[in-house]
Amino acid sequence: MRNTMKKKCALFASALCMLSSLWAVNLDAAEDEKGISKYTVALEINVSGPNFYIIPLDGRQDVQQIRYDPIRKKFLPLRIPYRFFNNSAGFSIGVKLKEEAKLTNEKMKGEIQLAVKISNALGDITTNTATTIRGTRAMKQSKVEDIIISVIEPSSLPPAGTYQGTVSLIFESTIDP
């Protein structure tokens, strides 16, 4: 039974790698001696596999804004809906952070720490171990869950300015205990 699960896991991972692709087109932005201009066009395509996918409901993936409420003196949580699907028996979807979630202000040398969780996950998402998302084993149909990004409230407000950063999540199939 264990060997069968390992083979299924390896087969599943191989299939996922084959079905997920990334293409990029790069042309240097420069003008050569003949007066010809070249421009850079970056393209990315993520092809989801039929058995396992996580996709945003808003496909534009614009820069998201965490708003500040000056009346309550609090940052408001950001909720981004994603569609989850996994029809593999014996596996659930796990998620972890690729790196620490934070926003920085290069000019003021300020930093804002972020907490990341999924509405139906077992606890906060960290960089150490994958957090299991409940109800994602052998799914018959996809479901929508919110990725919730909130500011870990500092003892005092950070310096005024624009803070930027990227939250990178890694979704993976995890073997059920």
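Residues -24 to -1, 1 to 153 (mature numbering (1 follows the signal peptide of the UniProt record, and there is no 0)) make up the sequence shown, in order.
Don't be surprised by glycine CBs; every beta carbon is placed ideally from N, CA and C.
Residue i: buried (16+ other C-beta within 10 angstroms of its C-beta) or exposed?
{"i": "GLU121", "result": "buried"}
{"i": "GLY70", "result": "buried"}
{"i": "VAL127", "result": "buried"}
{"i": "ILE125", "result": "buried"}
{"i": "ILE146", "result": "exposed"}
{"i": "ALA(-1)", "result": "Confidence at ALA(-1) is low in this model, with a pLDDT of 34, below 50, so the placement of that residue is unreliable and no value is reported for it."}
{"i": "ILE47", "result": "exposed"}
Return the CA-CA distance between residue i and residue j, expressed in angstroms with no decimal places.
{"i": "SER64", "j": "GLU76", "result": "30 Å"}
{"i": "ALA(-12)", "j": "ARG110", "result": "Interpretation of ALA(-12) is limited by its pLDDT of 41, a score under 50 that renders its predicted location unreliable; no figure is taken from the coordinates."}
{"i": "LYS85", "j": "SER118", "result": "42 Å"}
{"i": "THR103", "j": "LEU90", "result": "13 Å"}
{"i": "GLU82", "j": "ILE30", "result": "32 Å"}
{"i": "PHE133", "j": "TYR44", "result": "Note on identity: in this sequence residue 133 is Leu, with Phe being the wrong assignment. Going by the C-alpha atoms only, they are around 11 Å apart."}
{"i": "GLU129", "j": "GLN40", "result": "19 Å"}
{"i": "ILE94", "j": "SER144", "result": "14 Å"}
{"i": "ALA136", "j": "LYS49", "result": "13 Å"}
{"i": "ASP38", "j": "THR138", "result": "17 Å"}
{"i": "ILE101", "j": "MET115", "result": "22 Å"}
{"i": "SER131", "j": "ARG55", "result": "24 Å"}
Taking C-beta to C-beta, are residue i and residue j nearer than 8 Å?
{"i": "LEU73", "j": "VAL92", "result": "yes"}
{"i": "residue 192", "j": "PRO53", "result": "Examination of residue 192 is not possible in this model, given that the chain is present from -24 through 153 alone."}
{"i": "GLU148", "j": "ALA97", "result": "no"}
{"i": "THR150", "j": "PHE67", "result": "yes"}
{"i": "ASN62", "j": "THR112", "result": "yes"}
{"i": "ILE42", "j": "PHE28", "result": "no"}
Judging by CA-CA distance, which residue of the options is the nearest neighbour of residue i?
{"i": "PRO26", "options": "ILE151, PHE60, SER132 and ILE94", "result": "PHE60"}
{"i": "ILE123", "options": "LYS50, GLY99, GLN140 and GLU87", "result": "GLY99"}
{"i": "GLN140", "options": "ILE101, GLU87, SER132 and PHE51", "result": "GLU87"}
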